[in-house]
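Notes for the one structure printed next.
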Amino acid sequence: MTLLGAVTDALKTEMRNDDRVVVFGEDVGKKGGVFGATEGIQAEFGEERCFDTPLSECGIIGTAVGMAVYGIRPIAEIQFMDFIYPAFDQIVSEAAKMRYRSGGEYTCPMVIRTPYGGGIRGGHYHSQSSEAYFCHTPGLKVVVPSTAADAKGLLISSIRDEDPVMFLEPKRIYRTHKGEVPDGEHVVPLGKGRIVREGTDCTVIAWGAMVSTCEKAADEAAKQGKSIEIIDPRSLVPFDEDIVLESVKKTGRCCVVYEAPKSCSFGSEIAAIVAEKAIEYLEGPVARVGGFDTPFPYSLEHLYMPDVRRVVEGIKKTFTW
Amino acid sequence: MTLLGAVTDALKTEMRNDDRVVVFGEDVGKKGGVFGATEGIQAEFGEERCFDTPLSECGIIGTAVGMAVYGIRPIAEIQFMDFIYPAFDQIVSEAAKMRYRSGGEYTCPMVIRTPYGGGIRGGHYHSQSSEAYFCHTPGLKVVVPSTAADAKGLLISSIRDEDPVMFLEPKRIYRTHKGEVPDGEHVVPLGKGRIVREGTDCTVIAWGAMVSTCEKAADEAAKQGKSIEIIDPRSLVPFDEDIVLESVKKTGRCCVVYEAPKSCSFGSEIAAIVAEKAIEYLEGPVARVGGFDTPFPYSLEHLYMPDVRRVVEGIKKTFTW
Amino acid sequence: MTTKLLTIIEKDGKAAKDKDPNLSDAELRRVYRTMVQTRIMDERALTLQRQGAIGFYLQALGQEASHIGSALPMQDSDWFFPAYRQPGIMLLRGADLDDIVNEWFGNDGDTSKGRQMPVHYSLRSINFVSISSPIGTQLSQAAGAAMAAKIRGDDTVFMTYCGDGGTSSNDFHAGLNFAAVYQAPCVFIVENNQWAISVPSTNQTKSESMAAKAQAYGMPGVRVDGNDILAVYRVCKEAVDRARKGGGPTLVETVTYRMGSHSSSDDADRYRDAKEHESWKQRDPIERFRKYLEKKGIWNEEFQSEIEESFKQDLNDAIKRAKARPKPAAATLFDDVYLQPTQQLIEQRDELLGLEGPESDEIGEFPL
Amino acid sequence: MTTKLLTIIEKDGKAAKDKDPNLSDAELRRVYRTMVQTRIMDERALTLQRQGAIGFYLQALGQEASHIGSALPMQDSDWFFPAYRQPGIMLLRGADLDDIVNEWFGNDGDTSKGRQMPVHYSLRSINFVSISSPIGTQLSQAAGAAMAAKIRGDDTVFMTYCGDGGTSSNDFHAGLNFAAVYQAPCVFIVENNQWAISVPSTNQTKSESMAAKAQAYGMPGVRVDGNDILAVYRVCKEAVDRARKGGGPTLVETVTYRMGSHSSSDDADRYRDAKEHESWKQRDPIERFRKYLEKKGIWNEEFQSEIEESFKQDLNDAIKRAKARPKPAAATLFDDVYLQPTQQLIEQRDELLGLEGPESDEIGEFPL
Ligand SMILES: Cc1ncc(C[n+]2csc(CCOP(=O)(O)OP(=O)(O)O)c2C)c(N)n1
Ligand SMILES: Cc1ncc(C[n+]2csc(CCOP(=O)(O)OP(=O)(O)O)c2C)c(N)n1
Ligand SMILES: [Mg+2]
Ligand SMILES: [Mg+2]
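Protein chains in written order, with my numbering: chain A, 1 to 321; chain B, 1 to 321; chain C, 1 to 368; chain D, 1 to 368.
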């Protein structure tokens with residue numbers, strides 16, 4: 001099954017499980033979403049539980065917050081993550097803070113699904129990875145799957161979660177990634193990372209579409225005699241510090257790979273955690289291989305996105321003192 | 001002169017200098033702003049150059065972008081930084097990207113001034129420090145003064161800058177901070193940090209209202225025999241890496257202090273830079289003393305904000321291996 | 001059409017028979033009591049703020065008819081997504097006075113656990129959703145909750161409020177649009193009190209009225225004298241009934257006046273003409289309603305003093321209790337970020353609780 | 001009032017004398033030429049996309065009258081804040097064809113230096129502001145630019161566009177409100193082509209028309225047959241003249257139809273009734289205008305072939321030149337983030353330029 005198919009599968013599974021779950025957004029109904037993630041959902045569950053909205057992300061998230069507060073389980077689709085900003089206030093001021101500011105009287109269990117990341121020739125406004133904004137916002141959870149099975153299992157956990165979850169779907173691997181996906185009920189808990197491959201010389205941390213790039217880079221590094229351990233945190237908030245620290249303590253080296261602009265990113269956070277909690281184990285600098293600190297380009301996308309050679313270069317850095 | 005007075009002084013100075021400069025926002029006219037930063041400006045420059053707007057941050061920044069693109073110099077006031085999010089799309093998708101996405105054909109020289117930070121019993125929504133969102137957005141500059149003289153000099157530089165600048169005013173010290181401010185023309189360049197005090201054992205980096213807290217903590221640390229160097233970067237973007245790295249290489253220790261939630265913050269970025277570029281000089285972990293990863297509280301604000309004892313604790317951490 | 005202003009109670013307290021909603025005497029007295037209580041509470045709280053006992057306050061002075069009248073047709077099971085200038089709704093719906101007063105103090109009895117500034121109540125007990133500072137955000141939320149109720153087949157009605165300033169917000173546009181497209185059972189009340197802090201409503205929009213904005217969304221828009229509680233009630237009753245019957249949302253503009261400054265941090269004299277203020281004082285909604293009751297023979301001085309004295313007593317007692325309560329415990333800082341705290345939050349909590357030495361005392365004053 | 005639809009050219013090409021704006025023959029021919037060129041360009045570009053020569057394309061098929069007619073009354077010094085479905089404006093204003101075509105290819109001749117997807121033009125040469133993907137953002141910007149011109153005393157007029165979907169955006173609400181409050185010289189064109197990708201305009205709003213939304217802002221709102229170029233011209237000429245004379249903004253709704261799919265990534269047959277499409281084909285704006293010209297005796301087959309042949313030739317030449325140009329140089333990635341690159345950008349650039357080994361080739365296809 002593709003990663004995209006796993007998303008659809010998760011949605012259907014939970015909609016069958018729990019009739020409070022509703023799905024809405026721009027073009028999610030008859031069209032089934034611009035990527036097809038909601039294909040067949042309106043047909044199966046009707047227009048009450050899967051419906052198109054006016055073109056207002058502010059309205060989509062604002063109404064979702066109200067629904068969640070009232071007691072149903074909204075899953076809002078934002079067509080591209082780049083278009084989430086008209087709803088930013090509702091996300092960071094409202095969804096994220098509802099439980100806290102009301103002392104737990106009102107809560108906001110909802111999922112915001114959105115395709116994210118580059119690699120599809122989407123240029124400036126159909127490619128960005130802005131997880132950092134949300135990771136810096138207490139009250140939100142932030143989840144990024146990198147395999148089909150995880151996509152299903154993490155999405156089901158997100159829908160069942162009692163707090164608002166940003167579910168970021170790496171669109172570059174929507175269809176290119178294929179893998180086994182358990183039928184029916186399949187739950188992957190939030191906050192538990194995954195060791196993608198074991199290694200002894202350097203820990204590489206990556207999520208979403210970058211995981212497979214890092215696997216190729218690790219192959220490359222292996223040719224040069226370096227054994228790379230790859231970790232996919234799966235959720236950035238809550239973040240599985242232990243799996244990262246344990247690995248870094250073992251390998252003594254750390255390289256973080258991500259698509260977002262390098263500075264002030266979640267990659268920076270991981271580097272900071274390592275510098276705070278495992279510095280005495282480090283045998284080289286903590287490398288960050290990110291997007292550049294520029295807006296996302298169109299024609300030069302292939303240079304902007306971390307690729308094998310840039311990841312290999314990053315790994316090399318961790319071996320220089 | 002107070003820091004607040006220095007802001008007013010800078011606005012008037014540049015409005016006299018350059019008749020393209022206009023000032024607007026909610027309540028900035030007759031009322032002179034809720035903090036008084038624009039007091040007397042409408043009286044001196046008239047309603048065409050200093051005017052109140054409808055209650056729409058989206059409209060304030062959207063129109064400011066259009067003004068800047070057309071060729072005048074808008075200075076938009078957002079009443080509290082907590083209320084900037086309805087304008088987030090215009091800031092991160094438009095102002096920040098106008099120059100890049102148009103290949104330099106259209107530019108967006110504008111200043112967004114906004115009171116920021118805690119310490120005034122403003123609670124949940126009148127206290128936040130969200131500089132990280134903007135520091136992670138290529139195309140924006142982000143400036144935070146910590147003294148009256150800097151407030152004037154940096155604001156004048158920001159107004160003259162050819163790119164959009166977020167000018168964050170630490171409201172806690174608006175009136176409590178007083179200092180000499182040069183008359184008339186006074187320019188402090190963006191991108192040059194300031195050594196607040198020299199020291200040899202640990203580098204503390206802080207901006208805005210945290211600088212004075214760190215000075216008190218440094219006094220405390222001195223009593224315990226530790227010599228602290230304090231650095232105020234003054235602008236977070238562009239960031240003066242050199243002044244930080246040079247200091248850390250000298251002291252071997254680094255503690256970053258800031259009000260924003262700890263994780264995925266600009267403090268994380270500084271820690272990451274140090275872990276990337278000065279790790280071989282470090283004699284202890286890089287400590288971060290931030291706000292907690294919770295929304296901003298009201299009654300327990302004094303615990304939420306880094307205070308002397310927490311900064312001292314952070315400094316101590318850098319001495320533990 | 002939308003500019004016509006419905007008034008029922010005339011200056012002298014007379015009410016046109018054909019328009020009078022004919023509430024029972026008991027109901028009329030209950031409503032009047034709530035209006036007076038609201039004003040007393042506002043006064044007392046502002047005094048507390050001036051004395052430094054609480055950090056901030058914001059009154060509804062002059063807008064009692066507007067918000068109490070609109071809330072009146074709502075059933076107990078109905079929901080409110082309020083702005084910050086509708087305190088009377090809490091009293092009308094029988095909220096626990098301690099819940100209200102504890103919120104001002106942000107003490108350990110505060111339902112919001114001291115997370116928000118005064119007047120940002122959250123009262124699940126009366127379906128009164130946690131108040132937010134960012135203007136307008138409640139509007140699209142109310143629309144969404146109403147959509148949810150419709151999907152579930154509940155017959156709940158939702159009422160939400162904003163000011164004249166709030167009509168310019170993103171969420172006003174999104175909330176009204178969504179509510180209309182999905183024909184959600186939601187009533188939007190714009191309390192047009194003529195000012196958004198120092199900005200007059202004529203600078204807020206060039207629309208001939210706030211009610212006229214309903215046409216942009218294809219919903220009914222009604223303009224009503226916001227200082228006439230019977231008129232407000234009548235209009236809102238229609239809207240609530242229509243919503244409950246599946247007739248979709250309504251926009252109601254209550255034309256009223258902010259008789260005080262914006263908040264305890266504001267001084268309206270700096271930007272507002274005293275004459276304007278004076279002229280609105282003549283239209284005081286409580287005075288007007290009192291005359292109506294008097295004409296009906298169900299108001300007298302005794303009734304007035306009974307209301308005042310008993311409520312003042314209750315309020316004083318509640319304040320005394322609230323003052324005696326401590327701040328929330330330090331550890332609570334880390335609760336309610338999520339249902340379960342993350343590893344990072346637990347670590348941060350333990351660090352904080354482990355600290356020694358004096359806490360900061362540098363917190364300043366709130367300016368707005 | 002706002003629901004009345006102005007039409008001038010009837011089906012058979014006749015035009016009511018009292019409404020005909022009486023453009024000169026030369027002007028009429030110029031306009032017709034632009035419409036035909038626009039359609040040819042749209043066809044050719046979509047073909048290029050299908051052939052894999054360019055990555056994406058989005059047509060204005062069927063909306064030529066709507067956008068060319070509205071732009072026609074604008075002077076050379078006036079400014080546009082376009083959406084993405086007004087390519088004819090560039091041709092009308094004499095933009096360099098190479099500037100247009102280079103943008104599709106994102107090559108080193110692209111004015112935007114290959115930073116944006118195809119159809120996101122930036123053409124300073126004709127005061128055509130850089131197109132953004134996020135829906136609606138241009139609306140408040142246009143209002144702001146118009147405010148700026150008013151402050152400066154320039155007599156520039158601003159025209160900005162959005163679709164029926166765009167009326168739901170935050171910036172629609174903010175942009176129209178600000179323009180009205182400050183009486184800025186700005187004309188807002190809503191091209192109501194009935195669809196926002198797969199969402200019909202009846203699901204976008206319950207408003208009786210898009211023009212009716214003007215009442216929320218207190219500005220004139222006009223509804224016009226968007227497939228009738230004379231009607232669109234007439235209405236917009238009035239709006240532009242009024243704006244220039246200090247009469248403030250206008251909202252114009254052009255009622256038209258998206259005759260193609262949303263973009264090269266979309267297939268409208270999946271959600272749209274073929275009959276609807278058929279019925280609108282009968283109202284093709286170019287065909288209608290052609291009949292009008294024919295009746296006037298200023299159109300014949302020769303004229304048609306001359307337009308088609310010469311433009312196809314020019315276009316082919318431009319495409320040939322564009323294909324021959326390389327991508328922008330790697331170093332340009334780091335330009336234009338700021339006027340001057342930061343230390344971090346310089347470091348990142350130098351690192352990239354110093355890399356060895358093969359570049360990534362994993363980039364996929366654009367789905368929308
Ligand atoms: C998004 C946002 N911007 C600014 C503010 C600051 N602010 C608080 S109240 C207010 C005026 C509100 O006016 P109105 O909506 O008319 O309500 P009123 O206070 O008159 O009841 C402003 C600007 C805010 N709370 N939220
Ligand atoms: C803020 C935002 N949300 C979503 C999108 C994705 N999107 C692109 S075009 C479009 C539909 C636009 O419809 P309309 O405004 O009617 O313009 P039309 O395409 O019909 O010309 C959508 C939803 C976007 N570009 N921006
Ligand atoms: Mg008001
Ligand atoms: Mg459309």
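Think of the CB as a built atom: it goes at the ideal place given N, C-alpha and C, for glycine as much as any other residue.
- For a cut-off of 8 Å, the C-beta gap from Arg290 of chain D to Trp280 of chain D is around 17 Å, too long to register as a contact.
- The count of Cβ pairs closer than 8 Å, one atom from the stretch 147-159 of chain D and one from the stretch 100-116 of chain B, stays below three, leaving the stretches out of contact.
- For Val199 of chain D, the beta-bridge partners assigned by DSSP are D:Ala196.
- Remark: the shortest separation between the CB of Arg175 of chain B and any heavy atom of ligand 4 does not fall under 7 Å.
- C-alpha of Arg101 of chain A to C-alpha of Glu162 of chain A: approximately 16 Å in a straight line.
- Against chain B, the beta carbon of Ile279 of chain A has neighbours under 9 Å at Ala275, Ile279, Leu282, Gly284, Pro285, Val286, Trp321, listed in chain order.
- In this chain, the beta strand (DSSP E) harbouring Asp225 of chain C covers 221-225.
- Identification of residues in the stretch 71-94 of chain D having a C-beta nearer than 7 Å to some C-beta of chain C yields an empty set.
- Around Glu220 of chain B, the same chain offers Val308, Val312 as residues with beta carbons nearer than 7 Å, after the five sequence neighbours per side are excluded.
- Below 8 Å, enough C-beta pairs join the stretch 125-141 of chain A and the stretch 247-267 of chain A to call them touching: three or more.
- A buried status is given to Glu105 of chain B, since no fewer than 16 other beta-carbon atoms sit within 10 Å of its beta-carbon.
- In this structure the stretch 59-78 of chain D lies against the stretch 32-44 of chain D, because at least three pairs of beta carbons, one per stretch, are closer than 8 Å.
- A contact is defined here as three or more CB-CB pairs under 8 Å, and the stretch 198-209 of chain D fails this definition with respect to the stretch 84-94 of chain B.
- At a cut-off of 8 Å between beta-carbon atoms, Leu339 of chain C makes contact with chain A.
- Distances taken from the Cβ of Pro86 of chain B to the heavy atoms of ligand 1 include one shorter than 7 Å.
- Spatial neighbours of Leu92 of chain D in its own chain (CB-CB distance under 6 Å, excluding positions within 5 residues in sequence) are listed in chain order as Thr34, Ile68, Ala71.
- For Trp299 of chain D, there is no enclosing alpha helix (DSSP H), as DSSP marks it with neither H nor E.
- Glu198 of chain A and Met1 of chain A have their C-alpha atoms spaced approximately 25 Å apart.
- Between Val248 of chain A and Val289 of chain A, the C-beta spacing is not below 8 Å.
- Secondary structure at Phe319 of chain B: coil, using DSSP grouped into helix, strand and coil.
- Per DSSP, the beta bridge partners of Lys178 of chain A are A:Thr2.
- The stretch 66-74 of chain B makes contact with the stretch 20-36 of chain B, as at least three CB pairs between them are under 8 Å.
- With 16 or more other CB atoms across the displayed protein chains lying within 10 angstroms of its CB, Ala37 of chain A is buried.
- Proximity of chain A to Tyr271 of chain D at the Cβ level (cut-off 8 Å) is accounted for by Lys30, Lys31, in chain order.
- Interface residue (Cβ-Cβ distance to chain D less than 8 Å): Ile84 of chain B is not classified as such.
- Glu359 of chain D reaches chain A at His302, Leu303, Asp307, Arg309, counting residues in chain order whose Cβ is nearer than 8 Å.
- Not a single CB atom of chain C sits nearer than 8 Å to the CB of Val224 of chain D.
- Counting of Cβ neighbours within 10 angstroms places Leu339 of chain C among the exposed residues, the total staying below 16.
- If you ignore the 5 residues before and after Asp110 of chain D, its C-beta comes within less than 7 Å of the C-beta of Asn102, Glu103, all in its own chain and listed in chain order.
- In this structure, DSSP gives Trp104 of chain C a helical state, which the three-state scheme calls helix.
- Around the beta carbon of Trp195 of chain C, 16 or more other beta carbons sit within 10 angstroms, so the residue counts as buried.
- In this structure Gln42 of chain B is buried. Its beta-carbon is surrounded by 16 or more other beta-carbon atoms within 10 angstroms.
- Residues of chain D whose Cβ lies closer than 9 Å to the Cβ of Gly218 of chain C are, in chain order, Thr205, Lys206, Ser207, Glu208, Ala212.
- Sorting B:Leu140, B:Ile270, B:Tyr174 by C-alpha distance to the C-alpha of Thr203 of chain B places B:Ile270 at the top.
- Shown in chain order are the members of the stretch 165-177 of chain D whose Cβ falls below 8 Å from a Cβ of chain B: Asn170, Asp171, His173, Ala174, Gly175, Asn177.
- In this structure, the beta-carbon distance from Asn170 of chain D to Asn170 of chain C falls below 8 Å.
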